[in-house]
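Chains as they are written, first to last, in this note's numbering: chain L, 1 to 410; chain C, 411 to 820.
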């Protein structure tokens with residue numbers, strides 16, 4: 001699978017742009033983005049499970065129902081959450097302003113917002129800037145980069161990827177998928193404080209796109225935890241414009257599997273990047289559970305370990321305190337076999353078994369420490385003889401997480 | 411309600427002691443405790459919900475079934491968890507050694523352990539010390555203090571209480587209840603890394619004691635969260651020896667209500683003390699939810715807020731970021747009415763409403779900061795018009811939590 005340049009602009013027929021309109025306090029950071037397709041799209045979206053839903057989520061859910069979203073306008077610096085009817089009116093206004101500039105209907109436009117909760121969105125600043133935003137749209141990597149910068153908050157790295165793949169049974173050229181995500185705190189399974197925008201030039205039906213997106217999100221962003229807090233604003237949107245000219249991807253066929261597999265791989269890559277960029281994180285922690293009764297059970301167990309404050313703090317301190325891994329498996333809420341459970345810490349420098357059959361085994365603390373000091377650490381648990389396996393991603397819990405979140409609004 | 415001195419030794423007919431036997435690394439800290447009644451008891455106990463259960467829990471569950479526990483031997487410095495059959499044999503040995511010294515049966519003896527997971531318990535050190543332990547038993551506050559010291563790990567404060575109350579309808583003198591707890595990390599609803607020992611001289615049946623204990627634990631220790639980690643070793647044990655000579659407390663009568671209410675108040679007091687002593691905690695956070703559909707819903711909502719890393723970090727930073735409170739209510743998993751929700755921060759210096767009907771209201775950041783800097787902060791949320799209300803207790807998330815848990819074993 002090739003990795004083309006350009007992120008969300010890698011697929012044909014998409015443009016992106018990002019500017020500063022003055023929502024983010026101080027500095028000269030971009031805070032307003034637009035990503036759109038030249039032609040109509042089919043779309044699919046996954047939204048936060050939080051019962052408190054930001055105004056943009058309510059509006060995007062409504063617009064997304066028809067499966068025809070072809071543009072998304074996004075701001076950072078303000079979540080437009082807990083802002084009441086005024087907030088909803090502001091989110092609608094964002095959609096209609098973007099649609100007007102692009103000559104499409106407001107119903108074809110989604111709205112994403114991220115930032116502080118409970119502060120009224122300064123819609124007049126967006127209003128004053130929207131023409132400039134539309135004028136900034138660009139078909140190349142520059143447009144993608146500007147849009148991505150404009151949705152970042154405490155993110156320290158740009159998180160984007162793209163893939164090119166030939167679809168089995170298609171005489172047309174390869175199709176492309178591009179994606180950008182933001183998110184680094186308030187991140188927990190069932191969608192992070194994340195905005196994810198996925199573009200593709202593949203020709204695919206809305207139902208198949210929806211199915212592929214849900215599978216991909218379930219195996220990637222929903223297996224990610226930074227701090228256990230599920231946000232009010234999470235949204236992952238996929239738009240497919242068919243510009244690649246492939247025959248429409250049929251349900252369940254080889255082309256569908258190829259497309260869905262590529263989409264999943266892309267999302268997993270970005271979920272890992274989000275964990276690595278978790279607020280204050282010094283290292284990426286991958287927890288892999290095997291031998292569970294089902295994939296879903298394995299995922300629940302893996303997320304429980306990845307989300308344990310004590311496991312995270314032990315990783316920060318490079319302390320091979322595997323008892324905390326067993327403990328976190330134990331309170332995950334799904335069955336497994338403690339007395340058949342083994343745990344191994346693995347990294348680039350090797351791997352060390354620390355627990356077998358639920359009990360301690362002798363191991364070199366020095367080797368374990370070496371592994372835990374690496375930038376990417378894997379915790380491998382085998383929890384029985386079942387067929388279920390899954391990975392989850394998280395990060396260590398550091399002083400900097402506390403620092404960043406002790407004074408976020410100031 | 412009077413508060414007599416002496417903790418678990420306040421009720422008549424109980425003795426306690428604590429010594430150093432050498433399980434805890436370095437220093438001269440006590441690490442082995444014994445608490446017992448002179449005469450037979452009825453008993454009740456609540457154990458961890460973790461699927462990984464320490465050896466002492468398995469043994470204490472078995473012995474506890476008959477409801478006749480009258481002594482508990484406890485060690486700190488080693489959790490005797492994930493230690494396999496050897497661990498179970500060690501826990502049994504602890505019970506039988508203590509029983510032998512006291513001239514009672516092993517089945518009347520419970521075992522509590524707390525400390526690092528996955529390290530074999532050095533049973534020979536306990537064996538060498540058990541006669542000295544029995545000789546140290548004392549009927550007064552000194553015995554209580556020594557026993558309490560011997561079960562502490564990262565605790566920075568002694569957490570104990572006692573109550574004396576006259577039972578309605580009893581011509582005998584008042585009854586007393588005494589309690590000690592330990593626990594400061596790996597603490598989350600469904601029982602903390604806690605050991606709780608409750609003694610009483612009230613005459614009460616095993617079924618009533620069990621019912622009163624479960625209600626008290628549900629409204630106290632199960633509404634406590636320090637770090638979201640439910641331990642493998644949690645246990646709260648209550649022993650009643652009837653030495654007060656009151657008529658047996660009848661099910662559901664006024665005497666039962668008085669006894670159960672006093673027990674609950676005692677447990678709430680100790681749960682608050684545990685939250686205040688949470689690892690690295692600078693302040694106690696009480697979250698009170700009103701207007702939920704039921705008490706249970708209110709408790710789930712309150713615990714979700716008390717357990718949110720982002721709320722905890724905001725409290726550490728004295729940042730009135732109320733959006734995180736709304737967000738944590740939103741992912742608690744039970745219904746409420748976001749658009750009717752109000753939030754108030756309260757402390758000794760006053761209280762400030764920060765959110766009404768789910769939206770921001772103007773408030774003085776200076777006043778809010780003043781409140782959040784206090785040692786005890788209350789977050790009050792009204793989430794609708796229902797009858798359900800409950801409180802939960804937690805603490806802020808500080809640099810010191812990360813420090814303590816980054817290097818626990820070393």
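We put the beta carbon where it would ideally sit given N, CA and C, even for glycine.
Provide the residue span of the alpha helix (DSSP H) that contains residue i, from first to last.
| i | result |
| --- | --- |
| residue 151 of chain L | 141-151 |
| residue 14 of chain L | Unbroken run through residue 14 of chain L is the beta strand (DSSP E), 14-19; no alpha helix (DSSP H). |
| residue 218 of chain L | 206-218 |
| residue 312 of chain L | 309-316 |
| residue 534 of chain C | 533-545 |
With a 10 Å radius around its C-beta and 16 neighbouring C-beta atoms as the bar for buried, classify residue i as buried or exposed.
| i | result |
| --- | --- |
| residue 458 of chain C | buried |
| residue 545 of chain C | exposed |
| residue 156 of chain L | exposed |
| residue 748 of chain C | buried |
| residue 449 of chain C | exposed |
| residue 582 of chain C | exposed |
| residue 598 of chain C | Here residue 598 of chain C scores only 47 on pLDDT, less than 50, and its place in the model should not be relied on; the value that follows carries that caveat. Its Cβ being crowded by 16 or more others within 10 Å, residue 598 of chain C is buried. |
| residue 707 of chain C | buried |
| residue 513 of chain C | exposed |
| residue 687 of chain C | buried |
| residue 775 of chain C | exposed |
| residue 362 of chain L | exposed |
| residue 767 of chain C | exposed |
| residue 385 of chain L | exposed |
| residue 85 of chain L | exposed |
| residue 438 of chain C | exposed |
| residue 113 of chain L | buried |
| residue 620 of chain C | buried |
| residue 333 of chain L | exposed |
Can you list the residues of chain L that residue i reaches, using a CB-CB cut of under 9 Å?
| i | result |
| --- | --- |
| residue 765 of chain C | 82 and 118 |
| residue 524 of chain C | Near residue 524 of chain C there are no residues of chain L at all, since even the closest Cβ is about 12 Å away, more than 9 Å. |
| residue 732 of chain C | 82, 117 and 118 |
Go ahead and pull the three-state DSSP assignment for residue i.
| i | result |
| --- | --- |
| residue 746 of chain C | coil |
| residue 367 of chain L | helix |
| residue 502 of chain C | helix |
| residue 465 of chain C | helix |
| residue 632 of chain C | helix |
| residue 303 of chain L | helix |
| residue 190 of chain L | With a pLDDT of only 38 at residue 190 of chain L, under the threshold of 50, the placement of this residue in the model should not be trusted, and no figure is reported. |
| residue 344 of chain L | strand |
| residue 647 of chain C | strand |
| residue 86 of chain L | helix |
| residue 472 of chain C | helix |
| residue 392 of chain L | strand |
| residue 98 of chain L | helix |
If you follow the beta strand (DSSP E) that residue i is part of, which residue opens it and which one closes it?
| i | result |
| --- | --- |
| residue 457 of chain C | 452-457 |
| residue 427 of chain L | Residue 427 of chain L lies beyond the stretch modelled for chain L, which goes from 1 to 410, so this question has no answer here. |
| residue 284 of chain L | 284-292 |
| residue 259 of chain L | Note, residue 259 of chain L: premise wrong, no beta strand (DSSP E); alpha helix (DSSP H) at 254-276. |
| residue 30 of chain L | Where residue 30 of chain L is concerned, there is no enclosing beta strand (DSSP E), given that its DSSP letter is neither H nor E. |
| residue 486 of chain C | 481-488 |
| residue 39 of chain L | Counting along the chain, residue 39 of chain L falls outside any beta strand (DSSP E), and DSSP gives it neither H nor E. |
| residue 568 of chain C | First-last for residue 568 of chain C: undefined, no H or E at that position. |
| residue 522 of chain C | 519-526 |
| residue 792 of chain C | 786-792 |
| residue 104 of chain L | Premise fails: residue 104 of chain L is in no beta strand (DSSP E) and is neither H nor E. |
| residue 765 of chain C | 760-766 |
Using a Cβ cut-off of 7 Å, pull out every chain L residue sitting near residue i, in sequence order please.
| i | result |
| --- | --- |
| residue 462 of chain C | 326, 327, 329, 330 and 338 |
Between residue i and residue j, which are expected to be in contact by the criterion C-beta below 8 Å, what is the C-beta distance as a whole number of angstroms?
| i | j | result |
| --- | --- | --- |
| residue 426 of chain C | residue 553 of chain C | 4 Å |
| residue 521 of chain C | residue 483 of chain C | 6 Å |
| residue 7 of chain L | residue 162 of chain L | 6 Å |
| residue 324 of chain L | residue 311 of chain L | 5 Å |
| residue 422 of chain C | residue 555 of chain C | Going by Cβ atoms, the distance from residue 422 of chain C to residue 555 of chain C rounds to 18 Å, so no, they are not a contact pair. |
Determine the chain C residues that contact residue i at a beta-carbon separation under 7 Å, and present them in chain order.
| i | result |
| --- | --- |
| residue 232 of chain L | 737 and 740 |
How would you list, in chain order, the residues of chain L whose beta-carbon sits under 8 Å from the beta-carbon of residue i?
| i | result |
| --- | --- |
| residue 770 of chain C | 82, 83, 118, 119 and 120 |
| residue 459 of chain C | 331 |
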